[in-house]
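With my numbering as the guide, the letters of the sequence shown map in order to residues 1030 to 1314.
All residues carry an ideal CB built from backbone N, CA and C; glycine is no exception.
Since this is a predicted model, take the numbers as computed values, not measurements.
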Amino acid sequence: MLKTITWTSNHYINSRQPHETDGLFYAQGLFRYRKLQSPLSIKFCLKGNLNYISGNQRFSIPAGGFYLANKGAELECLPNEPGYQALILFFTEELMHDVHRCIHLEERRLLDAPDSDTEPVHFLEHTYHSPTPLAARLQAVAARMKAEGESGYTLAPDIFYELAEQLLSFQKETAARIESIGAQTPAVRRELYRRVLLAREFLYHHWDTSFSLQEAAREACLSPYHFHRTFKAAFGCSPMRWFRLRKLEKARELLQDGQLSVSEVAYRCGYLDLATFSKAFKREW
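1. Kindly indicate which three-state DSSP category A1249 falls into: helix, strand or coil?
2. Among the candidates Y1300, P1215, S1252, L1116, whose CA atom is the shortest distance from the CA of L1097?
3. Indicate the three-state DSSP secondary structure (helix, strand or coil) for C1266 in the structure shown.
4. So, for F1119: in the same chain, excluding its five sequence neighbours on each side, which residues have a beta-carbon less than 6 Å away from its beta-carbon?
5. Taking Cβ to Cβ, would you say S1038 is nearer than 7 Å to L1184?
6. Could you tell me whether the Cβ atoms of L1274 and F1310 are closer together than 7 Å?
7. Using a Cβ distance threshold of 8 Å, determine whether the segment 1104 to 1115 contacts the segment 1071 to 1085, with at least three qualifying pairs required.
8. On a Cα-Cα basis, can you pick out the residue from C1074, R1063, C1250 that is closest to G1094?
9. Among residues of its own chain, excluding the 5 on either side of A1249, which ones have a beta-carbon nearer than 7 Å to its beta-carbon?
10. My output table needs one value for C1131: the three-state DSSP class, helix, strand or coil.
11. Hey, is the segment 1171 to 1180 in contact with the segment 1199 to 1215, meaning 3+ C-beta pairs nearer than 8 Å?
12. So who's on the other strand from S1067, going by DSSP bridges?
13. Look at the alpha carbon of L1284 and the alpha carbon of N1085, and state the distance between them as a whole number of angstroms.
14. What first and last residue would you give for the beta strand (DSSP E) that runs through F1119?
15. For the alpha helix (DSSP H) that contains L1196, what are its first and last residues?
16. Count the other CB atoms within 10 Å of the CB of T1050; is the residue buried (16 or more) or exposed (fewer)?
17. Which residue comes first and which comes last in the alpha helix (DSSP H) that contains Q1288?
18. In chain order, what residues of the same chain lie with their CB nearer than 7 Å to the CB of A1193, ignoring the 5 residues before and after it?
19. In this structure, does DSSP put R1258 in helix, strand or coil?
20. Closer than 6 Å by C-beta to F1054: which residues in its own chain qualify, once you throw out the five before and the five after it? Chain order, please.
21. Which residue marks the beginning of the alpha helix (DSSP H) containing Y1233, and which one marks its end?
22. On the DSSP bridge list, what partners appear for G1052?
23. Taking 7 Å as the limit between beta carbons, can you name the residues of its chain near G1299, skipping five residues before and five after?
24. Please list the terminal residues of the continuous beta strand (DSSP E) segment that includes T1161.
25. Restricting to Cα atoms, I'd like to know which of R1270, V1294, Q1288, S1290 is closest to K1279.
26. Which class does L1097 belong to by DSSP, given the choice of helix, strand or coil?
27. Under the three-state reduction of DSSP, which class applies to R1173: helix, strand or coil?
28. Any idea what DSSP makes of R1087, helix, strand or coil?
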């Protein structure tokens, strides 16, 4: 069933079009192809997959994941499967700059020079799959929009301030991880981070299989040692330990759900025997 809901805030730019101002656009079952120059936005998938092309690369945003696009990003929005649901969050440069400036400048400077400037805000464009506080907040916003079920709301800027703060906090963590990678130039550090992040997202979604370090490194197009070293620098633990913890976290979820036996959970999580699974589970939990 086709359904769209639009909420906007006109405190920085007066428009009722969500992509022209600070806006929220909920879509369900909307089939269309669009080629666009994106505003600063978050494309969040609630159900199904969202399909895009950026440059020569086609990518999908899975349920629970989001894509972060800077202003001016050239994208092609592809038709999606029936039943998909998405929330698109748009930010004006003015609002994001205001929030970014107030977070990063000292209070005295804000008082003495309220229009003082900071570096332009530029985010790492990527499809983020793993759960984050930002994704959880977007999920809650979408649920509220679905419950209200009406377009045309003109919102106070509060919700956009809150989401901008969460996005900036998320990107601050990302920037710290990028800086922790011991490469000589910022461009190389960003590329290495992008590669290990892709591999981490792959491992996150394939918790029910077994991968060697060599196989995981191939997802990042790096040698095994280079992948191991870069992943550990960015995320604070080795890729194989991270993958093992991901499996055990999923195992704990399945056990708490109570639908599967311990042996079935061990098998689902890629363990060949119950003894190995039990030993690993007890060691971590």
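Straight from the coordinates:
1. coil
2. L1116
3. coil
4. P1047, H1048, G1052, P1068, S1070
5. yes
6. no
7. yes
8. C1074
9. R1224, V1225, L1227, A1228, F1256
10. helix
11. no
12. A1102
13. 42 Å
14. 1114 to 1119
15. 1187 to 1208
16. buried
17. Unbroken run through Q1288: none, as it is neither H nor E.
18. F1120, L1124, M1125, V1128
19. helix
20. T1035, P1047, I1117
21. 1215 to 1234
22. T1037, F1119
23. D1237, T1238, S1239, K1276
24. First-last for T1161: undefined, no H or E at that position.
25. V1294
26. strand
27. helix
28. strand
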